[in-house]
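Chains as they are written, first to last, in the working numbering: chain A, 148 to 301; chain B, 630 to 1372.
For reference, the structure discussed in these notes is given below.
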């Protein structure tokens, strides 16, 4: 079976897949990295957003073959309970999630934005998170969390 | 704020021990007391009339709260412990919380109708009050003092006058109360509260932000298989043939067919998914759905409907004054999807004599009965364990996915995990049913409502139905429920204002176009949209400011206060609608609505500021103002989150959402054909929570939903002079209204 070497959350992982088109999402979840969620499989909802070489990417639309050799970061790799990433801390402080199914994708989109722009405007934040659907209505808190983490407490 | 409550999680191994079916088995993560109880195989008390069903004082000084209702993201996991800790007299950090497990928690009914706190929480408050009284009585005997001289606080009972106390755990640790819930057990004075009313953090939030939360989608059992169910291409189609060879190339994947129930089951999820997409099957034709473009007319003309008078108040004063104005209008709310971001999912382990099902459903105990029936097992041999899912807001596909998993686990003899596709979630989740309302009214020149009649055409709910018919058992020819369940969709059809004469008549339809189920705030968003829009129409006809009009005939002081608060927050200019500049390229306006939820629960007043873009027909909601009174607030941040969610989700429903279908199937099966609100369209929210500590706590998860449609429609009317009476308010629909007004 063909093997793929991926760099996931800082470690090199070798993954077997008979299907070069297997979505990265299924690879990650198969490795137990279940923070990344299946939402639509169509690239429409953002629940599966991860960082690939620092950019926010929908992992249901990225194949294992395309991910080969790239640096992949999931929510688990961003920070831990002991040492959360500042954006995770901000999401906790603002009590953003309700059901929380979309939260992982939102945080990854926000992380990508903040790595490119240290002080994004509210418009920038909304634009960056526009790919992330949320049914519970946690939007206002998510925007506030990203503003707060970039030192723009509203 | 701190995050003190530990939610207990049970290890898979522990759950599987003894077939995962014994009531009192060992549970990893449980405190010693419960483990000891488990090891001794003492069954938990599940009778919801008993204190022991809800509370256990443990040997280590902690207290476990057993809650039959579940936390779907709405914050019960902190609010219920706040109630219990407060009433019992123990620190919140000493509370452990177990929710939604038919083997461990009492039946407190479905987690629905915004009643988690107002019913479920109040049961637990009464259990805690009964327990506190019992603890004080026990201590009084031991200390040889009068109970009135003692106080329960900080996990001990001690003399009010000072001196050494006795820990709860010494009084009753690891033993049962053996006490019935005492409805007369005295409750604490809210003025003395130190835990209830505080914005304590929800304990699940951190794990959801770090990535350690276990959703039902993430749950795995040893030896578990993955499955995909293949639904027919038309709603009522039957399965003619399956070509099993068509998936030969996918190793380890097998076809399961039971009558019209078709699935593939395999070891690897992605391989199983590919097989499901590849499998060739032949289905019969079916085209039994009504025509969507004539749905409202079909509902109104339905000759099989049953008429029922719901409300008759006052008497018609005749003759009516000559300057009175008579109005009539119809409002339509379309069929909508629950729109869960994650598709429904469940895991089941069905053995010959018993079954365990892990599900994100709102109805654990109700489902126990349903699943036992089609599995042919005694009810107490079917255990349901709640795991979080993607927000469902009623009955989405969770119940169906769990039934799918149970049917398949039994068929393959191994644990099975079923996850739906996006198309199946949009296509097959039971739908919030369509609602048609017709209202006629007569208003006097002074704004007095002289006559009011609401007619509603809605699908009936079958009496006594615990659940809804499930897709899997239906297709497999197993014992299934028959009937419709729409939730209480006929409430709030009458205005909350004084009127000479009010009549509400419902025309119960025997059928709904697609299988209906409760969807957040069942029926009320539509009914209040119609009622509060029509109030605005009456106000406009009488030439009176919409707030002034409402205040003239509103008697309830809590309602009056909320409307005044909204007026202040919006700096409301008193004048009739519409505004002066309705023909502007971007017309701006404001509107409001008022709801007394179910006429007996939470009060909401809502105002909106909108901009209507003439060229495109697009409505931009710029600001939503909401004053909200749900009585005693247990956790203000939790209430705020619920109100935010109610507003944004319902705005999405009003602006964008309608299930599209042809005569055979649902056509809106993804987020592009069934769009929901995204970040760029989220308005500014200003929420004013009125806390009334001495009033009973009421639900906060639904009431604000009901106020959204009319506040928006009324703001659009104020801005652009057009009256939107059909949801959703799409740009095309707004443009058509603007054009017909101009011509």
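C-beta atoms are modelled at their ideal positions from N, C-alpha and C, and glycine is treated no differently.
Because the structure is a prediction, the values reported are computed rather than measured.
Can you list the residues of chain B that residue 222/A reaches, using a CB-CB cut of under 9 Å?
838, 839 and 840
Would residue 233/A count as contacting chain B if we go by Cβ distances under 8 Å?
no
Cutting at 6 Å between CB atoms, please list the residues of its own chain near residue 651/B, excluding the five before and the five after it.
In this predicted model, residue 651/B has a pLDDT of only 32, less than 50, meaning its place in the structure is not dependable enough to derive any value.
Mind pulling the chain B residues with CB within less than 7 Å of residue 191/A?
1299, 1300 and 1301
Specify whether the region 1055 to 1066 of chain B and the region 961 to 974 of chain B touch according to this definition: at least 3 beta carbon pairs, one from each stretch, less than 8 Å apart.
yes
To which residues of the same chain is residue 746/B closer than 7 Å at the C-beta, ignoring the five residues directly before and after it?
708, 1263, 1326 and 1328
Under three-state DSSP, which class holds residue 1117/B?
coil
List the residues of chain A that residue 701/B touches, going by C-beta distances under 7 Å, in chain order.
246
Between which residues of its own chain and residue 862/B is the CB-CB distance below 7 Å, once the five residues before and five after are set aside?
912 and 1294
Helix, strand or coil for residue 1358/B, going by three-state DSSP, please let me know.
coil
What's the call for residue 148/A, buried or exposed, on a 16-neighbour Cβ count within 10 Å?
exposed
Distance, residue 1064/B Cα to residue 961/B Cα:
6 Å
Where the beta strand (DSSP E) containing residue 1021/B begins and where it ends:
No beta strand (DSSP E) contains residue 1021/B, which DSSP labels as neither H nor E.
Assuming residue 882/B contacts residue 904/B under a Cβ cut-off of 8 Å, what Cβ separation, rounded to an integer in Å, is found between them?
4 Å
How many Å lie between residue 831/B and residue 285/A at the Cα?
14 Å
Could you check what DSSP says for residue 1033/B in three-state terms: helix, strand or coil?
helix
Let me check one thing: in DSSP terms, what residues is residue 160/A bridge-paired to?
153/A
Beta-carbon separation of residue 868/B and residue 910/B under 8 Å?
yes
Decide if residue 950/B is buried, meaning its Cβ has at least 16 other Cβ atoms within 10 Å, or exposed.
exposed
Leaving out the 5 sequence neighbours to the left and right, which residues in its chain are closer than 8 Å to residue 1182/B when beta-carbon positions are compared?
1076, 1077, 1078, 1126, 1127 and 1128
Using a beta-carbon distance below 8 Å, is residue 970/B in contact with chain A?
yes
Nearest neighbour of residue 942/B, chosen from 919/B, 1130/B, 1021/B and 1010/B [CA to CA]:
1130/B
In chain B, which residues lie less than 7 Å from residue 146/A when you measure between Cβ atoms?
This structure gives no information on residue 146/A, because the portion of chain A shown stretches from 148 to 301.
Would you call the region 1101 to 1119 of chain B and the region 1168 to 1177 of chain B in contact, with 3 or more CB pairs under 8 Å?
no
Contact with chain A by residue 1051/B, beta-carbon distance below 8 Å
yes
Give the range of the alpha helix (DSSP H) segment to which residue 895/B is assigned.
That residue, residue 895/B, is in no alpha helix (DSSP H); its beta strand (DSSP E) goes 890 to 895.
In chain A, what lies closer than 9 Å to residue 709/B by C-beta?
Here the premise fails: no neighbours, minimum Cβ distance about 16 Å.
Take residue 807/B as the anchor and find which of 682/B, 1024/B, 916/B and 1107/B has the nearest alpha-carbon.
682/B
As a quick exercise: from 916/B, 720/B and 1066/B, pick the residue whose alpha carbon is nearest that of residue 1290/B.
916/B
Within a Cβ cutoff of 7 Å, which residues of the same chain sit near residue 998/B, ignoring the five residues on either side of it in sequence?
1008 and 1095
Whole-number beta carbon distance between residue 1045/B and residue 854/B, since they are thought to touch under 8 Å:
5 Å
Among residues of its own chain, excluding the 5 on either side of residue 161/A, which ones have a beta-carbon nearer than 6 Å to its beta-carbon?
150 and 152
Could you tell me which residues DSSP puts in a beta bridge with residue 750/B?
Paired residue(s): none; residue 750/B is not in a bridge.
How would you list, in chain order, the residues of chain B whose beta-carbon sits under 7 Å from the beta-carbon of residue 182/A?
840
Going by alpha carbons, who is nearest to residue 824/B out of 1136/B, 1248/B, 817/B and 721/B?
721/B
With 16 other Cβ atoms within 10 Å as the buried cut-off, status of residue 836/B
buried
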